[in-house]
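Asker: Okay, here's the structure, questions in a sec.
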Amino acid sequence: MQTGYLLSLLFLLTFTQNIQAKDIYATTDDGIRVLLKDNSSWEFINSVDSENAEDPTRVDLKVTRMWSKGKTCRIGLTLTNRKARFIRNLAIELTAYINGNIDYDTLIVGFYGIKPTKYQYREAIYSGISCEQIEHILVHGADYCSVGESHIQYATDKGQCLRAIKVVKSEIVNIHK
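Listed below in structure tokens is the structure:
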């Protein structure tokens, strides 16, 4: 009887220690993965989950419409935030090319205060040109941006914000990074 009791107690102690000795993975409100270790320490996890491995971008830029009025071309754009963090500000440069790759004009379009899973609409207005004359639009710039609501982070690596943007293929106009 005592042998069974001792074996049960030994098994229970071993089982309890195994439960307590496990590391725990957690995700913060900002979407950052953290490893909580059994020794009461913690560390950020730099591994990329499968969703990010397939598509490292987290923001979609899409042309929704394009129309001319006289010698002015208006291009409607939406920026969709697929990030787990609030986009405080993000400015992109759009260069319109005409007649065999001639740089016609560059506009800066700013997007501000986009919550996760939401989008924002803006228009790029090229004066002195009709939409039919534009051969393609280059998306560039976006060198600096800021994200976060309470803990604001600024991009410190030039081009970091541009890498996060996915330019959605458009049937309306050839737009690319």
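Per my numbering, the very first residue in the sequence shown carries number 16; after that it's consecutive. The beta-carbon is built from N, C-alpha and C at its ideal position, and this holds for glycine as well.
#1: Locate the beta strand (DSSP E) running through Q135, then write down its first and last residues.
#2: In whole angstroms, what is the alpha-carbon distance linking N116 and Y136?
#3: Under the rule that 16 or more other beta-carbon atoms within 10 Å means buried, what is Y169, buried or exposed?
#4: Once the 5 residues before and after T95 are set aside, which same chain residues still bring their CB inside 6 angstroms of it?
#5: Quick one: residues in its chain with C-beta nearer than 6 angstroms to the C-beta of N67, no 5 flanking neighbours on either side, listed in chain order?
#6: So, is V183 buried or exposed, given that buried needs 16 or more other C-beta atoms within 10 angstroms?
#7: Taking only three categories from DSSP, how would you classify E147?
#8: Should Y127 be labelled buried (16 or more other beta-carbon atoms within 10 Å of its own) or exposed?
#9: Of all the beta strand (DSSP E) runs that stay within the bounds of the stretch 75 to 139, which reach a length of 3 or more residues?
#10: Provide the residue(s) that pair with E58 in DSSP beta bridges, ordered along the chain.
#11: Have a look at I190 and I113 and give me their C-alpha separation to the nearest angstrom.
#12: In whole angstroms, what is the alpha-carbon distance linking E108 and K77?
Answerer: Per the coordinate set shown:
#1: Y134 to S142
#2: 27 angstroms
#3: exposed
#4: D75 and Y134
#5: For N67, the predicted model reports a pLDDT of 41, less than 50, meaning its position is unreliable; a value from the coordinates is still stated below. Here the set comprises nothing.
#6: exposed
#7: helix
#8: exposed
#9: 87 to 96, 102 to 113 and 117 to 129
#10: L50
#11: 13 angstroms
#12: 14 angstroms
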